[in-house]
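Residue numbers (the UniProt record's numbering), protein chains in the order written: chain A, 1 to 490; chain B, 1 to 490.
Using N, Cα and C, we set each Cβ at its ideal position, and we do this for glycine too.
Model, not experiment: these values are computed from the prediction.
First the structure, in the form of structure tokens, and then the observations on it.
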């Protein structure tokens, strides 16, 4: 190391390579050293950096190390090369590095903010600080999930994809994934031709957006359930579509209301979350399913069956798509809840002519969906790991949900009808939950009040809580305590 | 097989079940047989198909086989059932089957097919057989790209992502990628705050869709360039927006026409592809850029600058976003052309209030964009590999484009004004290129005729050719030979 010691003084950047075990690679060290100099204004705009040869000689590192480090500085915009003249420090606006995930000092909810879909969406996706607790979450805690399985599948795709990721992929989605999906759906009792009746989408939400955009026109009427996943309202409103609400009962939609609205308003579509309904956790009985389809036939409306929570369902749940065999039903599903939200892999199952039209619509609104994530999901499904993973999740959910229900009742919150399955409980706080949510927000807890799930945004005493709030993590317990306090103050 | 032989005569459809090993399942055979009859008009619309019992008896197959086959015909839209009356042949648009990935026996282009955006989109993404050559391609040959770099980045993400892929990610996109993008844009002379002025999208196409959907209403007027990337027309048409075309000259849009249309039609937006314009390869001069922005200011329209081919530009290209600093210009870019189409990673740069609105629109139409691909792109940008890779691509493109121009002229095709850069040449075939494209299609070569790039779909003698057609791969040379032949036959 004598050589390194010698070079310190003569090295124009004052950089000393650290070769001890455990130190970062030399390239990384040099980059960080330069960024430090820039940050402290020891390197100013326009300054010529030492030549590659000069620095490599003086610092006793290979030329390749210097070239790689300079390339990274160029990539980061802090340096640039002038052909024949070398590398120069670039003029900096400000050495402002993105500090996402921290320093978000703005409050969760400003006093005048509306509890509408865009608000909740923005809130849901805010990076949370340690002090903020998310009782409005729609995903399971990270420690319930299997990130090792996920990352191993990513690496495996990186090892095996070869040149195949270079193109745009297939408009209907990665064909082997469609094969796996077809098998997956067959296990649920639905026969789907992967070539003609399936397409992938960038998550259930994009799938719903595609279906709604290519089916509905402004002024059309659509029936929705009450309560319903709030995204549906935001999407329909954006399309200028009239929504009519059908109360959701424990075994399906209220048939009397459905029939009346269908007869009087000629709706184009009924959007329903049959299996593990969000937010109630309710299901669908066979006779109700039959009557829904009978009414759809009689009044000629489409049924969009959102099956986001399919894999949390108890054994042999009833689905409209299974009964109808995709004649009138369009099925949406995905893997955000069971694998990872950031993968954005979902699918649409529908009859061939609909899939053809939806594939055209998909191409026109964004070409293909990213094959990388589709290959990762395919790998996990094909390896047979998915089934076991989901089984574990379901068992844990069932156990946690029972504890959550007990806790919720011990707080004086009412659960009118128990959920059959799923990750939420839909509780009656016996006070306006929008007011309650504002109180909670002031204390750093984000809640999902009933008004969000109501098509006509009526004040509501209901609240959707994630069952994982009783999980043994400090954050969740803190939230539960806070909620108890708030409930008591009622 | 005596039974089968017997049934041929008496079988109303003339179908004989083939039970030899290696034959397709009987259901499939019956379906294909019916499709053949339909194709040859031996079965006409309205004809009643033999009853299930009748056909099952006469063909010596189970009733279930017939039921399944009929169901598939119904699913394919070529037959329908009338309760109590049986199955009937449906009125056909055309018996076009989507046979993704296999048995593409149908010609590329049927005689009556329109050369419209959906057609070209479907064609572009068709899996090509060995005998089919794609002269309409919008991507570089796979052997020009660096799949090792891509796959190594995928594996690296799989090693380092930990639990971070589990959530939905950030609505504006992966923050470190936005930081890299900001540096990347800074190197192009554009200062962009990665926190407030940047968001990721699932490719440039989705970015354009988001901008158009959240800015335009049916009946609005939008100015487009003539010629223009054909997707723009498809998108605007789907939104019910009126398009007016501004001729594209070598140094930018025709200012006289732009001014006249702006003054007389009050357009909401001008969509332009300033740097390495598709399909011409033209650029933008500083004075024209200035006048475009002056007109935008004066007539109060937005400018959507599609920078898909940014990284193929010569040094220091002129951009509207750079001049205007995102006040009135919305910039779209991505990595489909330089890294991989299937990653679907793009970005929008715009002023903060637009990014906020577009982020809300993004959430509402599909939540976040997949973080996996964004991490892969980030990795490649951060490592400094991207710059070198792009430099190599650009050099190869420049060299190839010169050879292509020579070859094209040797064929008797005219290039009125040479492209400045990029992967296409825009040539005058001196004959209706739609006719030419149909001739080429009959010989297995897909071409992109000028009509596709025209807002009002005027007949055109222009043709967009990929410069890589002169590349040393058998396929491309074959295409060039064929093209020469076709040109000669003129």
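Any residues in the region 138-150 of chain A with a beta carbon nearer than 7 Å to a beta carbon of chain B? Which ones, in chain order? 139, 142, 145, 147, 150
Whether residue 73/B touches residue 13/B by CB criterion (8 Å): no
Closer than 8 Å, CB to CB, is residue 235/A near chain B or not? yes
Residues of chain A with CB closer than 7 Å to the CB of residue 163/B, please, in chain order. 142, 147
With residue 166/B as the anchor, note down where its alpha helix (DSSP H) starts and where it stops. It is not in any alpha helix (DSSP H) - residue 166/B carries neither H nor E in the DSSP assignment.
For residue 50/B, count neighbouring Cβ atoms within 10 angstroms of its own Cβ and tell me buried if that reaches 16, exposed if not. buried
For residue 270/B, list the residues DSSP reports as bridge partners. 223/B, 303/B
Tell me the rounded alpha-carbon separation between residue 499/A and residue 293/B. Outside the shown range of chain A (1 to 490) lies residue 499/A, about which nothing can therefore be said.
Starting from the beta carbon of residue 370/B, find every residue of chain A whose beta carbon is closer than 9 Å, and list them in chain order. 202, 203, 342, 343, 344, 345, 369, 370, 372, 373
Where residue 332/A sits in the DSSP three-state scheme: strand
Any idea what DSSP makes of residue 7/B, helix, strand or coil? Residue placement at residue 7/B cannot be trusted, given a pLDDT of 31 that sits under 50; the coordinates are not used to answer.
Among all the DSSP beta bridges, which residues are the ones paired with residue 427/B? 463/B
Endpoints, beta strand (DSSP E) assigned at residue 41/B: Looking at the DSSP string, residue 41/B is not in any beta strand (DSSP E), and its letter there is neither H nor E.
Separation of residue 65/A from residue 53/A, as counted between CA atoms: 11 Å
Cross-strand partners of residue 391/A (DSSP beta bridge): Answer by DSSP bridge pairing: none, since residue 391/A is not bridged.
Beta carbon proximity, residue 52/A to chain B, threshold 8 Å: no
Which one or two residues does DSSP pair with residue 199/B in a beta bridge? 348/B
Is it right to say residue 463/A is buried, meaning 16 or more other beta carbons lie within 10 angstroms of its own, or is it exposed? buried
Can you confirm whether residue 76/A, when its beta carbon is compared against all beta carbons of chain B, has any partner nearer than 8 Å? yes
For residue 184/B, decide whether its Cβ has a neighbour in chain A, counting only Cβ atoms nearer than 8 Å. yes
Going by the DSSP bridge assignment, what does residue 499/B pair with across the sheet? Residue 499/B is absent from the structure shown; chain B starts at 1 and stops at 490.
Does DSSP put residue 263/B in a helix, in a strand, or in coil? helix
With H, G and I counted as helix, E and B as strand and the rest as coil, what does DSSP make of residue 218/A? coil
Cβ separation of residue 241/B and residue 222/B, assumed to be a contact under 8 Å, to the nearest whole Å: 5 Å
Alpha-carbon to alpha-carbon, residue 254/A and residue 162/B: 45 Å
Anyone know if the C-beta pair for residue 203/B and residue 90/B falls short of 8 Å? no
Should residue 314/A go down as buried or exposed, given a rule of 16 or more other Cβ atoms within 10 Å for buried? exposed
With 8 Å as the threshold, decide whether the Cβ of residue 454/A is near any Cβ in chain B. no
Evaluate residue 399/B with the Cβ neighbour count: other Cβ atoms within 10 Å of its Cβ, from every protein chain shown; 16 or more gives buried, anything less gives exposed. exposed
Suppose you measure from the CA of residue 227/A to the CA of residue 280/A; what does that come to, to the nearest Å? 8 Å
Which one of 267/B, 193/B, 419/B has the shortest CA to CA distance from residue 218/B? 267/B
Against residue 169/A, what residues of chain B qualify as contacts under a CB-to-CB distance less than 9 Å, listed in chain order? 125, 341, 342, 344
How many Å lie between residue 88/A and residue 422/B at the Cα? 28 Å
Using a C-beta to C-beta distance shorter than 7 Å, which residues of chain A count as neighbours of residue 310/B? In chain order: nothing, as chain A lies at least about 15 Å away.
Does DSSP put residue 134/B in a helix, a strand or coil? strand
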